[in-house]
Each structure stands twice: as structure tokens, then as C-alpha cells.
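All you need for the numbering used here is the position in the sequence shown, starting with 1, plus 16. Positions of the beta carbon are idealized from the N, C-alpha and C atoms, including for glycine.
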Amino acid sequence: MHSRSGDLRFQAYGKQPAGMLSLLTPEEGGNSMPRAALNALLVHAAENLHGVEVRFEHRVDDCDLETGILTVLDPQGRQMTISGDVVIGADGTFSAIRRRMAQLPMFTLHQPRLEYGYKELHIPSGPDGDFLMEKHALHIWPRAGFIMSALPNFGGSFNCNLFLTVSTHWLVMLTWHAFSRKTFLT
Ligand SMILES: Cc1cc2nc3c(=O)[nH]c(=O)nc-3n(C[C@H](O)[C@H](O)[C@H](O)COP(=O)(O)OP(=O)(O)OC[C@H]3O[C@@H](n4cnc5c(N)ncnc54)[C@H](O)[C@@H]3O)c2cc1C
């Protein structure tokens, strides 16, 4: 825990005593996986299934829920239709399939936006590939209206996540140097 005054405090959240916790071991570590690697793994697994055809850069524009016919735009913007016995909509937050389902009778769609935004930051390794902060820890800078965390990577760098309200975000970006010196002393 990184306090505003620059003090550091260790809080164990596993079974290991202070100083023994390693986020880099499978026994106690927080498991994380690069999103691109997970995507590639899933695509390869799907491709190996019988009857699966993967098409990239094809956007579902509309869906007829009665017939299961999809209207799709190819990378050149050409329209085509694809039909299936079962349609599984896995097209994320602004799903075209969900948008069409929302027009069904008795279907209520409630999709509020979070007040908070997210910025990924990077702390590089030291000159010899060494960690510039304790590597056996998840670093947290808790502040009143926002929070930053840093996770160690193999190779000495850290991935940081800064969560803060979208309105604060603009202020921070405009005054980043003064803000970071004042807020993240250590
Ligand atoms: C900043 C951030 C950090 C996160 N961190 C974590 C984390 O650490 N751990 C965790 O478990 N979760 C995390 N999440 C949440 C996680 O990413 C989501 O819950 C998850 O990705 C949702 O999966 P999904 O398949 O529903 O949608 P998505 O992952 O958004 O996938 C939707 C896919 O559909 C495609 N698509 C969209 N519209 C169309 C269309 N019209 N036609 C065709 N394709 C379309 C998109 O290109 C995308 O490939 C995080 C989310 C964010 C935003």
C-alpha cells in the first residue's frame, strides 16, 4: 500500500507471511493472462472443431430473430446474409443482437454507463532488467476518489491500472506531471 505521504505498508492477502508472498508463483499468485493470447487460443480451438468457419472483420448489422438470418457487412462494406439454426450473440457491450432483442415485447434493456474510466500505464524495468519496486506484491495507491494498482511482469516491468471518474480524467491528463508528483510519491 502506497500512502500519500510516501509510506509503504505490506498487507498479506494469501497464506504466506509478509515478504514470502509471490505473485509470480502458481501456488499463491494472482493469475492473469494476456488478452490477445487468450483470444488466439479460443480462435484456434474453434477452428479445430468440425464445421466451424471463422470470418474476421465481418460486422453483424442486424438479426431477424424469427428466422435466424443475420445481415452482415464484410470488410469492404458489402452486405450479405448468413443463416443458422441457432444464433449466439457474443458481440459485447453494444451488441447488435441485444439491440434487436430489446425490441421484443416484455424485453427490458437497462444499460447504464459507469462513472469510472480506466487508463493503462507502464512502469519499465530498471537498467539491468531489475524491478524498481517490490516484485512480490500487488502495489496499490488508494486515494479518495480514485485508485491505481501495479502488477509485476516477468522481465522487471509493471502494468498499472489507473481507475478514476471520467470528469477527473480530463483534469488529470491536463495536469499529469503535477498530479503524479503530488499523488504517487513512491
Ligand atoms: C478496461 C477493462 C479491464 C477489464 N479487466 C478484466 C479482468 O482483468 N478480468 C476479467 O475477467 N474481466 C475484465 N474485464 C471485463 C471483460 O473484458 C469483459 O467482461 C469481457 O470481455 C466480456 O466478454 P464478451 O465476450 O461479452 O464481450 P467482448 O470481449 O467485448 O467481445 C465482443 C466481441 O464482439 C465483437 N463485436 C462487437 N460488435 C459486433 C458486431 N456488430 N458484429 C460482429 N462482431 C462484433 C467485438 O469486436 C469483440 O470481438 C475488463 C474490461 C475492461 C473494459
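Query                                                                                                                                                                                   : Result
Alpha carbon to alpha carbon, what distance is there between THR97 and LEU54?                                                                                                           : 29 Å
In the DSSP assignment, the beta strand (DSSP E) including HIS147 goes from what residue to what residue?                                                                               : According to the sequence provided, residue 147 is Phe. The question's His does not apply to it. No beta strand (DSSP E) contains PHE147, which DSSP labels as neither H nor E.
Identify the continuous alpha helix (DSSP H) that holds HIS60 and give its terminal residues.                                                                                           : 51 to 63
Let me make sure I understand the geometry here. Which of ASN177, LYS151 and LEU178 has the alpha-carbon closest to that of GLY171?                                                     : LYS151
Please list the terminal residues of the continuous beta strand (DSSP E) segment that includes MET164.                                                                                  : 163 to 168
Skipping 5 residues on each side, what residues in its chain have a beta carbon closer than 6 Å to that of PRO91?                                                                       : GLU73
For the putative contact between ASN177 and SER165, defined by C-beta atoms under 8 Å, what is the C-beta separation to the nearest angstrom?                                           : 5 Å
Specify whether the segment 132 to 145 and the segment 181 to 195 touch according to this definition: at least 3 beta carbon pairs, one from each stretch, less than 8 Å apart.         : yes
Compute every distance between the C-beta of GLY100 and the non-hydrogen atoms of ligand 1, then say whether any falls below 7 Å.                                                       : no
Can you tell which of CYS79, LEU167, LEU89 and GLY108 has its C-alpha closest to the C-alpha of ALA153?                                                                                 : LEU167
Give every residue of the same chain whose Cβ lies closer than 7 Å to the Cβ of ALA160, excluding the five residues on either side of it in the sequence, and list them in chain order. : none
Any idea which residues DSSP pairs ASP78 with across the strands?                                                                                                                       : THR87
Please name the residue or residues paired with LEU180 in a DSSP beta bridge.                                                                                                           : GLY133
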